[in-house]
Structures are given as structure tokens and as C-alpha cells.
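Contents: one structure, followed by commentary.
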Amino acid sequence: MSYIVALTGGVGSGKSTVSDIFASLNVSLIDTDIIARQLVEPGCLAWNEIIKRYGHHILLDDDTLNRAALRQKIFNEQKEKEWLNRLLHPLIEKESLHQMHQSSQPYLIWIVPLLFENHLHHRANRILVVDVSVKTQLLRTMKRDNVTQEEVKKILASQLSQKQRLALADDVINNNGDVEKLPAVVRSLHHQYLKLAACFSSEDLH
Numbered sequence: 002m003s004y005i006v007a008l009t010g011g012v013g014s015g016k017s018t019v020s021d022i023f024a025s026l027n028v029s030l031i032d033t034d035i036i037a038r039q040l041v042e043p044g045c046l047a048w049n050e051i052i053k054r055y056g057h058h059i060l061l062d063d064d065t066l067n068r069a070a071l072r073q074k075i076f077n078e079q080k081e082k083e084w085l086n087r088l089l090h091p092l093i094e095k096e097s098l099h100q101m102h103q104s105s106q107p108y109l110i111w112i113v114p115l116l117f118e119n120h121l122h123h124r125a126n127r128i129l130v131v132d133v134s135v136k137t138q139l140l141r142t143m144k145r146d147n148v149t150q151e152e153v154k155k156i157l158a159s160q161l162s163q164k165q166r167l168a169l170a171d172d173v174i175n176n177n178g179d180v181e182k183l184p185a186v187v188r189s190l191h192h193q194y195l196k197l198a199a200c201f202s203s204e205d206l207h
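In our numbering, the protein residues as written are 2 to 207.
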């Protein structure tokens with residue numbers, strides 16, 4: 002199995018930008034957001050369970066989930082958020098592990114927005130946190146998702162604080178500054194992870 006680098010960070014921190022740079026270096030990615038979307042495609046197990054709970058009015062005309070309606074439901078009702086998490090998180094972890102075992106790359110990037118909150122950090126060999134200020138998180142997320150400041154603050158309140166997340170990180174990318182500097186930072190980490198993966202691989206042989 003590959004050496005696992007978990008990539009995480011708060012909402013609006015720039016995880017996708019960083020993961021795209023790793024991908025440009027031919028590093029394999031396992032993206033838990035993509036896995037989650039696949040799990041709720043029409044006819045899939047999670048899709049069926051969601052329909053059983055909320056009825057067909059939670060669907061769009063093409064039978065795909067109305068994500069905005071579902072997001073609003075779990076945003077306003079903690080009980081529903083907990084139910085959806087109990088449904089999806091074990092399935093996401095199972096598929097992540099499957100993809101990890103299939104990988105033959107020296108290392109891979111496992112993108113997990115709620116790595117610590119969902120107690121998945123023990124699955125990784127190393128943890129990379131993308132860090133930005135709370136102000137930047139607010140502005141980016143409001144613009145990207147077309148949501149209010151209050152909604153973003155509620156999301157932030159459900160996640161680990163910046164201080165807590167940084168205390169658990171092995172490596173940190175400060176993404177408050179110039180985006181054009183990110184590729185050089187990622188390339189440096191890439192070389193570091195290749196060396197760590199080589200040590201990890203040689204240890205497996207003993």
C-alpha cells in the first residue's frame with residue numbers, strides 16, 4: 002500500500018487548489034468529496050437510503066439529489082446531519098481504504114475536509130493542513146458557494162478551530178498569500194513525501 006498523506010483544512014482554505022498541484026505532479030488523489038458524490042448517485046445505496054428518509058421530493062427532475070435542499074435540511078436540523086453522517090462516513094472510509102490498497106504509487110494524497118472531526122487521521126502516515134485566516138475562509142466560501150456570512154460561520158463552528166487543526170498537523174501550507182507561490186511549496190513537499198515513502202517502503206521489507 003502507498004504512503005498516505007492526508008490533506009485537510011477548514012472550509013475555503015484552498016484544499017482543491019493544493020490537490021490540483023499535486024495532481025499535476027502525477028500524484029494519485031483520493032478525494033472523499035468525490036466519493037461522497039458517487040455514493041449518492043441515482044440507484045446507489047446511499048441514494049436509496051436518503052429517498053427512504055426524505056421521499057422523492059428531495060430529488061431533481063433527473064432523479065439526482067437536490068443538494069441545496071438536502072444541505073438546507075441538515076444545516077437546520079442537527080439530528081438530520083448526524084443521520085446523514087452515520088450513513089455516509091463508513092461508506093466513504095470503506096471506499097477510501099479500497100482505493101488505498103489498489104494504489105501502487107509511492108505515496109498518495111487523501112483529501113479529507115473533516116479528517117479530525119470524523120476521527121480518520123489514524124488512517125494517514127502524515128497530515129498536511131492548508132491554513133488560511135478566518136476572514137479569508139469567510140470571504141472565499143461566501144463567494145464560491147453563494148451563501149451568507151452567518152451560514153459560513155455556522156460551518157466554521159462545526160469544524161475544529163484553526164489552533165486545534167494546526168496542533169495536529171505534520172506539515173502546513175499557509176495559503177493566505179500569493180497563489181502563484183503555491184506550486185513551489187507543493188513541489189518541495191512532493192520531494193519530501195517521495196523520500197518518506199521510500200523509507201516507508203523499505204521498512205515494509207524488514
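Note that beta-carbon positions come from the ideal geometry of N, C-alpha and C, so glycine has one too.
- Of the candidates Arg38, Leu40, Ser189, Ser189 places its Cα closest to the Cα of Leu129.
- Around the beta carbon of Gly44, fewer than 16 other beta carbons lie within 10 angstroms, which makes this residue exposed.
- Short of 8 Å from the beta carbon of Arg145, and not among the five residues preceding or following it, lie these beta carbons of its own chain, in chain order: Gly13.
- Distances from the CA of Gln73 to each of Gln163, Asp179, Thr149 were compared; the closest alpha carbon is that of Thr149.
- Val131 carries a strand assignment under DSSP once its states are collapsed to helix, strand and coil.
- In this structure Leu92 is in contact with Ala47, their Cβ atoms being roughly 6 Å apart against a cut-off of 8 Å.
- When the Cα atoms are used, Lys196 and Leu183 turn out to be separated by approximately 20 Å.
- By the C-beta criterion, the segment 150-170 is judged not to be in contact with the segment 31-40, since fewer than 3 inter-stretch pairs fall below 8 Å.
- For secondary structure counted as the alpha helix (DSSP H) over 4 or more consecutive residues, the segment 51-79 holds these complete runs in sequence order: 68-77.
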